[in-house]
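Numbering (the numbering used here), first residue to last: 620 to 888. Reviewing the structure listed below.
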Amino acid sequence: MLLTLKERGTADFCMLIKTIQWNIGGGKIRKAGDNPESGPYTNDGLAYIEGVLKKLRVDIVTLQETHADEKTVQAEILASNVGLPHVVNDIYDLSHIEDGQGLGQAILSRFAICAHSFNFFFNPRLRMQGPDGSTWISHNKGVSKCLLAAEDNKTIQIATLHLLPFRKYGVDPFEKEFENLRKNIADLASPSEKMFLLQGDFNFDDASIKRFLPTLFSNNISEVLQDKPTTPRGRRYDHIIYKGITHVRSEVITNVLTDHFPVYSEFEL
C-alpha cells in the first residue's frame, strides 16, 4: 500500500504520508539534450510530468505554475491520471508562459478534501522591462489551503503558495517597504490546524526561510532545511514548513526536464 501504518510503542500508531512539491512551469519541459540552465523550457511536457509522478507514487502533491483554460485544467488531468482523486486548482493571474492560460497552484490528494480556501497576498505591483521591451508587472499571488481527512480519524491542513520573484525584479525583499508584505504572507500562510504542512515555491534562495518570514515560525512550527538546489540554476527556491507531524526525510529529484526539481518528502502523522 502507498499509505502505511507503522507501529510506535505497543498501542500508538503513526501514519506515513509521501508528498511532492513541484513548480511545473506551465507543464513545459526542455529537450533531453538541452542545457538545464538555459533550456529553453518550451515543449509541452504534461505527459512527462505525469510519468514522473506515477513512478513516485505519493499521497499528496503541491504544484505551482499550473495552467488552466475554459477546456483544460492541468492539475485535474494529472490528478486523474496518477490516482489522486481529490484536487483543487486556484488561478491567481494570467500566465506569462503561454497566452490564453490562467496561472495557478494546486493541491492533489489521495485523501478527501473537507475544506478549501484561497487568499490573495498584497501585491506591490513591481515593474520591470521584459525582453521584448514591454513592461512586466508582478503577478497576483496567494495561498491555497485544504483540510484533508486522512485515515484513523486524523486531519491535516495542507497549504501551498508561490511568492514573487524579488530577484528578477531587482529588489531586496528585506527593504523597509516590503516589511508589511512579508508580514501579510506570514499571517495568511500560518496554520489553523494542529497538523499542518506547507510546501511551495518561495522564490527565496536560502537553506531556511526563517529570516525571510520570521513571524511564521511560532507555535512549534518547523521547516525542512533546504541544503540542495531545487532549480537547475542552483537556487533553493522550494521550501517546506510543518507543524504537529514528524519529518522523516526529503530528497530533491534532479534528473528531470522541468525548470524546477520536484522535492519528495515523507512525514509521520
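Think of the CB as a built atom: it goes at the ideal place given N, C-alpha and C, for glycine as much as any other residue. Only a predicted model underlies this, so the values are computations on that prediction, with no experimental measurement involved.
Burial state of residue i (16 or more Cβ within 10 Å)
i	result
Gln693	buried
Glu798	exposed
Lys637	buried
Gly752	exposed
Ala630	Its pLDDT being 44, under 50, Ala630 is placed unreliably in this model, and the value from its coordinates should be taken loosely. With fewer than 16 other Cβ atoms within 10 Å, it is exposed.
Asn772	exposed
Gly628	For Gly628, the predicted model reports a pLDDT of 45, less than 50, meaning its position is unreliable; a value from the coordinates is still stated below. Gly628 comes out exposed.
Ser699	exposed
Leu622	Because Leu622 carries a pLDDT of 41, less than 50, the predicted location of this residue cannot be relied on, and the following value inherits that uncertainty. The residue is exposed, with fewer than 16 neighbouring Cβ atoms inside 10 Å.
Cys633	buried
Pro881	buried
Asn642	buried
Asn708	buried
Asp857	buried
Thr873	exposed
Arg676	exposed
Arg746	exposed
Coil, strand or helix - residue i by DSSP
i	result
Ile828	coil
Gly761	strand
Thr873	coil
Phe658	Note on identity: in this sequence residue 658 is Gly, with Phe being the wrong assignment. In the structure shown, Gly658 sits in a strand (DSSP, three-state: E or B).
Tyr861	strand
Lys795	helix
Leu835	helix
For residue i, the first and last residue of its enclosing beta strand (DSSP E)
i	result
Ala734	Ala731 to Phe739
Ile777	Thr774 to His781
Arg746	Arg746 to Gln748
Phe842	Note that residue 842 is Glu in the sequence shown here, rather than Phe. Here the beta strand (DSSP E) through Glu842 covers Ser841 to Val843.
Thr754	Thr754 to Ile756
Limits of the unbroken alpha helix (DSSP H) element including residue i
i	result
Arg801	Glu798 to Ala808
Leu672	Leu665 to Leu675
Beta bridge counterpart(s) of residue i as assigned by DSSP
i	result
Tyr883	Ile639 and Glu870
Gly819	Leu780 and His858
Ala651	Answer is none; Ala651 lacks a bridge partner.
Ala769	None, per the DSSP bridge assignment.
Leu888	For Leu888, which the question treats as bridged, DSSP gives no partner whatsoever.
Ser728	Ile679 and His705
Beta strand (DSSP E) segments (min. 3 residues) lying fully within the stretch 686 to 723: Segments of the beta strand (DSSP E) lying fully in the stretch 686 to 723: 705 to 713.
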